[in-house]
Amino acid sequence: MPNSQRMRRMALVLLILGYAAAREAAAEAYFGFSIGISNAPPPPRVVVSGAPQLVAVPGTSVQVVGNSGYDVFAYHSSFYCFNGGFWYRASSSNGPFMVVDVRSVPQPILVVPAENWKRHPHGGPPGQTKKHYASNKKHKGRG
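Take a look at the structure:
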């Protein structure tokens, strides 16, 4: 086989391997959250005293459960809890919660502004942290 054909084949193989590696790396995050549930810890024991105090997130159909020690969000007829890098879902604010892959968490929950969280994992949804910081910096700079 001539050298030029061998080089083209080698380049094609490297291109395919590079593409596969890039796809795998891109698939590891979704809206800034890790994908996968294989190494998830047991669900948190969420306790809400009495009826959940649902606080609306402005501009969305998401509500935050205010009287929970965890980041618990109500959306339609389900409750979603984020804890320890993993998402959990339940049909009641007190659970039982079951681990779910981030890709099954509704997008409106994933983009809830950081100020509506108790402990946001990255300080805010992707792209929002810088905007929030710039807005606060500009606001604080005014006399």
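Just so you know, the working numbering puts the end of the sequence shown at 200, numbered straight through with nothing missing.
Ideal Cβ placement from N, Cα and C applies to all residues, glycine included.
Fair warning: this is a prediction, and the values are worked out from it, not measured in the lab.
**Prompt:** Looking at residue 136 and residue 149, is the spacing between their C-beta atoms short of 8 Å?
**Reply:** Pairing residue 149 with residue 136 gives a Cβ-Cβ distance under 8 Å.
**Asked** Is DSSP giving residue 61 helix, strand or coil here?
**Response** Helix at residue 61.
**Item:** Nearest candidate by alpha-carbon position, reference residue 154, set 175, 110, 111, 128
**Value:** Of the candidates 175, 110, 111, 128, the residue whose Cα lies closest to the Cα of residue 154 is 128.
**Asked** Mind checking residue 104: buried by the 16 CB within 10 Å criterion, or exposed?
**Response** Exposed, because fewer than 16 other Cβ atoms sit within 10 Å of the Cβ of residue 104.
**Prompt:** The alpha helix (DSSP H) spanning residue 120 covers which residue range?
**Reply:** Note, residue 120: premise wrong, no alpha helix (DSSP H); beta strand (DSSP E) at 119-122.
**Request:** Using a threshold of 8 Å, state whether the C-beta atoms of residue 152 and residue 99 are closer than that.
**Result:** Against a cut-off of 8 Å, the Cβ pair of residue 99 and residue 152 comes out as no contact.
**Message:** To test your reading of the DSSP string, which unbroken alpha helix (DSSP H) runs of 4 or more residues are found completely within the region 155-181?
**Reply:** Here the runs fully enclosed are 164-167.
**Asked** In terms of DSSP beta bridges, what is residue 140 paired with?
**Response** For residue 140, the pairing in a beta bridge is given by DSSP as 143.
**Message:** If you follow the beta strand (DSSP E) that residue 127 is in, where does it begin and where does it stop?
**Reply:** Per DSSP, residue 127 belongs to no beta strand (DSSP E) and is neither H nor E.
**Close Cβ partners of residue 176 (< 6 Å) along its chain, the five nearest in sequence each way excluded** = Taking residue 176 as the centre and dropping the five residues before and after it, the same chain places no C-beta closer than 6 Å to its C-beta.
**Request:** Hey, could you find the ends of the beta strand (DSSP E) residue 104 is sitting in?
**Result:** Unbroken run through residue 104: none, as it is neither H nor E.
**Request:** Work out the CA separation of residue 131 and residue 119 for me, nearest whole Å.
**Result:** Put simply, the backbone Cα of residue 119 is about 6 Å away from that of residue 131.
**Request:** Classify residue 125 as buried or exposed, calling it buried when 16 or more other Cβ atoms lie within 10 Å of its own Cβ.
**Result:** A residue is called buried when at least 16 other Cβ atoms come within 10 angstroms of its Cβ; residue 125 meets this threshold and is buried.
**Message:** Less than 7 Å between C-beta atoms, sequence neighbours within five positions excluded: which residues of the same chain meet that for residue 93?
**Reply:** Result list for residue 93: 158, in chain order.
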